[in-house]
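Below is one structure, written out as structure tokens, with a few remarks after it.
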Amino acid sequence: MFQRIFVPLDGSRRAEQAIGIAAHLAAAAHGSVLLFQAVDLQPERWPVFFRSHQVLEAATFTAVAQAQAYLEQQARDPALTGLPVETRARAGKAASTILREAEATQADLLVLACHGPNPWAVGSVTAQLIRHAPVPLLIWREDSPCLGQADMQTRRRWRLLAPLDGSLWAGAALVPAIALMRALATRAEISVHLLRVVVPVPVQGEQEGARWLQQQRLRQAEEALSQAGKELERLWRRSAATVQPPALTWSVAVDPDVVHAIGQAVHPDEPFPGQDSTGTPDLLLLRAYPNNPATRKAAKL
1 MFQRIFVPLD
11 GSRRAEQAIG
21 IAAHLAAAAH
31 GSVLLFQAVD
41 LQPERWPVFF
51 RSHQVLEAAT
61 FTAVAQAQAY
71 LEQQARDPAL
81 TGLPVETRAR
91 AGKAASTILR
101 EAEATQADLL
111 VLACHGPNPW
121 AVGSVTAQLI
131 RHAPVPLLIW
141 REDSPCLGQA
151 DMQTRRRWRL
161 LAPLDGSLWA
171 GAALVPAIAL
181 MRALATRAEI
191 SVHLLRVVVP
201 VPVQGEQEGA
211 RWLQQQRLRQ
221 AEEALSQAGK
231 ELERLWRRSA
241 ATVQPPALTW
251 SVAVDPDVVH
261 AIGQAVHPDE
271 PFPGQDSTGT
281 PDLLLLRAYP
291 NNPATRKAAK
301 L
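Numbering (UniProt numbering), first residue to last: 1 to 301.
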């Protein structure tokens, strides 16, 4: 179960909706919530005559103090009543500062909303967190309805998209996440869609050989997803024997950019196999990035 939930805020109403989800998850796991804001004044865009050390230091001090006051106000959200809550504001670029603080505070889940003109574009905060986060991320899509306390209690269906790469760590994050989603709405129907992204085989010389290798990769990905689904159902029954397992579907996407493929799955042109036209995901669960030392250490535990 996730015990220390890290919520990055940027002052927008959309980002603040993460507080409600984080509060419910923390309450279910008897955990705590950390509200965080990165303060980036972007001094590189300032006129040259404003870039003195004294001016930048004073502006940063004021901005961080304002961010801290904002976080303390958000910490009084009724959803957080009775929960251990910490607030923290730090100066720095959004993505790198969030990543650094998430690891420094020993968070074990990041909860956030993707928003902006293109949240999945290379260089966006969401894309950078997906590629480099030291802990799992729980994200919901930009056009998903805002989630208030009443919606948390009355919602009848939750759809979770879970990209997997075949590693044990990716699959291991699913079972506690689904259990936590059950805690969000105990009478809700849960559906899970597993996604595997296959990078195209580069064509160098003989195209027939490249096509054969691509087909092999696709077949292996499909077999891996099928096995992951069976393992997920087995683990679910073992940990929640009296609860009906979630509805499970899966698909394989071919894309040279994994983050782009995930973004396409969050906003699909067509519903996933086995789902109706309303089957777009509400929440996106991503494992921690495999090349981070923190992730490799956690995977060994």
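Note that the Cβ used here is the ideal one computed from N, Cα and C, for glycine as well.
This one's a predicted model, so the numbers in the text were calculated from it and none came from an experiment.
Distance from the Cα of aspartate 40 is smallest, within the candidate group Leu9, His30, Ala26, for Leu9.
In the DSSP annotation of this structure, the continuous segment of the beta strand (DSSP E) that includes histidine 193 starts and ends at 189 to 198. A direct Cα-to-Cα measurement between arginine 88 and tyrosine 70 gives close to 10 Å. If one requires a minimum length of 4 residues, the alpha helix (DSSP H) runs lying completely within the UniProt domain "UspA" (1 to 140) are 13 to 16, 18 to 29, 53 to 74, 94 to 104, 125 to 132, in chain order. For the options Val85, Gln216, Phe6, Ala224, the alpha carbon positioned closest to that of alanine 113 is the one of Phe6. Between the alpha carbons of alanine 228 and histidine 193 lies a gap of roughly 11 Å.
For valine 258, the enclosing alpha helix (DSSP H) has its first and last residue at 258 to 266. As computed with DSSP, serine 251 is found in a beta bridge with Leu195.
Annotated as distal: leucine 34 and proline 163, with beta-carbon spacing of 8 Å or more.
The beta carbons of arginine 13 and serine 32 sit no closer together than 8 Å. Under DSSP, the beta-bridge partners assigned to alanine 162 are Leu194.
Separation of alanine 104 and proline 134 (C-alpha to C-alpha, rounded to the nearest whole angstrom) is 10 Å.
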